[in-house]
Structure formats: C-alpha cells, structure tokens
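**Student:**
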C-alpha cells in the first residue's frame, strides 16, 4: 500500500498528446481506487482510539449509547461522535482527534464541525463551542442528503425532496420525450429519489400525494403542473401490466414496504448495530406488538 502511495507518477494530455511524467505531491488523485481502502484503515484506527478512550474514562459516551457502546458513526469523510455533553468529555475527544492527526495526518476541519448538545442552556452550549472553535449547531440539519430532526416530518422538512423532483421534471420538460420515455424516467429516476427518503423514514401522506400529482402531470403532459387530458386515473396507471396498468407502484404502498423492511430487520438482522440498539433501549425484551411500545422511542418508531 505504501508503494502505491509513494511511487505513482502522472502524465497529462496537452493538445491530444501525452506530455511527460511527474511525481504527485501527495501520492493520491481525487477518485483514486485505493483511497476508499485507505479511509477504512484510517477510520479503524480512529474507532479503536475512541473506544479505548471510553474504557480509560477520557470521555463519557452518550447515556443512550452505552449498551451497545456507540462512540461514533462514520460515513465517507463525515464522523458523528456521541458523548455526554460535558466540557471534560469534549476536551477528551479533541485530544483524541489531535493524537489521530499526529498519527495519520488527517486533521479536524473546525469550520465544518458542529457541536449539538440537548439539555444544556443555549448559552452554555455556545460557550463550549466557542471555547474550542466549533460551530454551535441545532436540529434539524441535513446529513447525507436527509434531514436529522427530533420531530416528525413537517412540510418544510420534506420540501427539499419536492424541489428535487420538480427540478428533475423541469429539466426534462424541454426535451420532446415520448410517453414511454417519460414513464421510464419516472420509474428509474423519480422513484429512486423517493425511495432514498422512504428507506430512512415514513413519508407523510401529504408528501406522497403531492409527489404522485407531479408524476401524473409529467406522465400525461410533460410538466409538473397539471394532469389535464389524462386518459385514465393514476390508480389505474399504478396497476400491474397484466391487469391493464403501466406497472408503477402507488407511493403509499412503496412507503409501507420500506417500513415493513425496517420491521423485518428487527427480527432477522442479529448483527445489525441499529437492531442491537433498538432491542436494548426501546424494545427491552417486550413483544414487538405490545401496545406499550407505541409510546416508546421516536416518531418513526411510533409509525412502525
């Protein structure tokens, strides 16, 4: 691995001809196939440092992240670290990140780092954030394209999904696509965007109705505004082809399928961190169908 990083040389195309070879400054290009493997190795070191720090009482984990122990979650170059909100724990985490920087050369970007603390007075949180050069964050916030929020989805929370679908349709409006072409774009692009959201949390009926209205309008008229002139109802369109429909699914059914998938994971995925956390902190040995569970946990859990 070290040879792959330290020895590559690059050539660039000038006027259609390759010109010379030169050594890269850092050894890796953007999008280099080996970069993902290096990231996994680096994050494994950070994971072990954080877990060891908790065992050594350098910082205290979040009260709801002790069984199973969840000190952090990482995806791509984003890392979420969970702690008890105290100044001593925050200082311990920053010390660990500095040690990690010394070892790996990967440094914390303070301008892109936010501190989220619930239960403290706002002025206390702002003081902690400013003391260490962090930004005081507040929920809801977008993470990996989805909203992180402490309450159920409101219209302003799912508006980015509506805007994204409308933007896609508007970009296709100028193209003289056939009916079959518009149907294919709805199936492959629009439904993929909606599925990405529905796989994470149940979408409210008002959101699903608006999305279906836009899909119906685009299918028949090539725009997102009106389905005037539609030959059949949307419910007829969303029936199997062998029953005379076009094979699309009702979004309400799609939404329910993803909810059922989460329920299925609770019964089948014993190695899942989410399942282990839910069993320890929400279900706690009770039956899944127990009425007392409906008031436990988040709004997503209540929907399930």
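In UniProt numbering, the protein residues as written are 1 to 304.
By construction, the Cβ of each residue, glycine as well, lies at the ideal position given by its N, Cα and C atoms.
By DSSP, does residue 212 sit in helix, in strand, or in coil?
**Tutor:** Note: residue 212 maps to helix in three-state DSSP.
**Student:** By Cβ distance below 7 Å, which residues in the same chain neighbour residue 249 in space, the five residues on each side in sequence not counted?
**Tutor:** The residues are 238.
**Student:** If you count every other CB in all the chains shown that lies within 10 Å of the CB of residue 219, and 16 or more means buried, which is it?
**Tutor:** Residue 219 is buried by the Cβ-count criterion.
**Student:** Using a C-beta cutoff of 8 Å, does residue 176 count as contacting chain C?
**Tutor:** Given the protein chain composition of this structure (a single chain), no chain C is represented.
**Student:** Assuming residue 304 and residue 263 are in contact, meaning their beta carbons sit under 8 Å apart, how far apart are those beta carbons, in whole angstroms?
**Tutor:** Yes, residue 304 and residue 263 are in contact; Cβ-Cβ is about 6 Å, under 8 Å.
**Student:** In chain order, what residues of the same chain lie with their CB nearer than 6 Å to the CB of residue 107, ignoring the 5 residues before and after it?
**Tutor:** Cβ neighbours of residue 107 beyond the five flanking positions: 101.
**Student:** Give a yes or no on whether the C-beta atoms belonging to residue 161 and residue 197 are separated by under 8 Å.
**Tutor:** Against a cut-off of 8 Å, the Cβ pair of residue 197 and residue 161 comes out as a contact.
**Student:** Going by beta-carbon coordinates alone, are residue 68 and residue 277 separated by less than 8 Å?
**Tutor:** Cβ distance < 8 Å, so residue 68 and residue 277 count as in contact.
**Student:** What are the residues that DSSP puts in a beta bridge with residue 114?
**Tutor:** 135.
**Student:** Is there contact between the segment 112-120 and the segment 133-146, where contact requires at least three CB pairs shorter than 8 Å?
**Tutor:** Yes, the segment 112-120 touches the segment 133-146.
**Student:** Mark residue 289 as exposed unless 16 or more other C-beta atoms lie within 10 angstroms of its C-beta, in which case mark it buried.
**Tutor:** Residue 289 should be labelled exposed.
**Student:** If you compare alpha carbons, which of 226, 151, 154 and 179 is closest to residue 166?
**Tutor:** The shortest Cα separation from residue 166 among 226, 151, 154 and 179 belongs to 226.
**Student:** Using the Cα positions of residue 229 and residue 222, report the straight-line distance between them to the nearest angstrom.
**Tutor:** The straight-line gap from Cα to Cα measures roughly 12 Å.
**Student:** Report buried or exposed for residue 92, applying the criterion of at least 16 other Cβ atoms within 10 angstroms of its Cβ.
**Tutor:** Residue 92 should be labelled buried.
**Student:** Just checking my contact of residue 96 with residue 128 at CB under 8 Å: how many whole Å lie between their CB atoms?
**Tutor:** At roughly 17 Å, the Cβ-Cβ gap does not stay under 8 Å, so residue 96 and residue 128 are not in contact.
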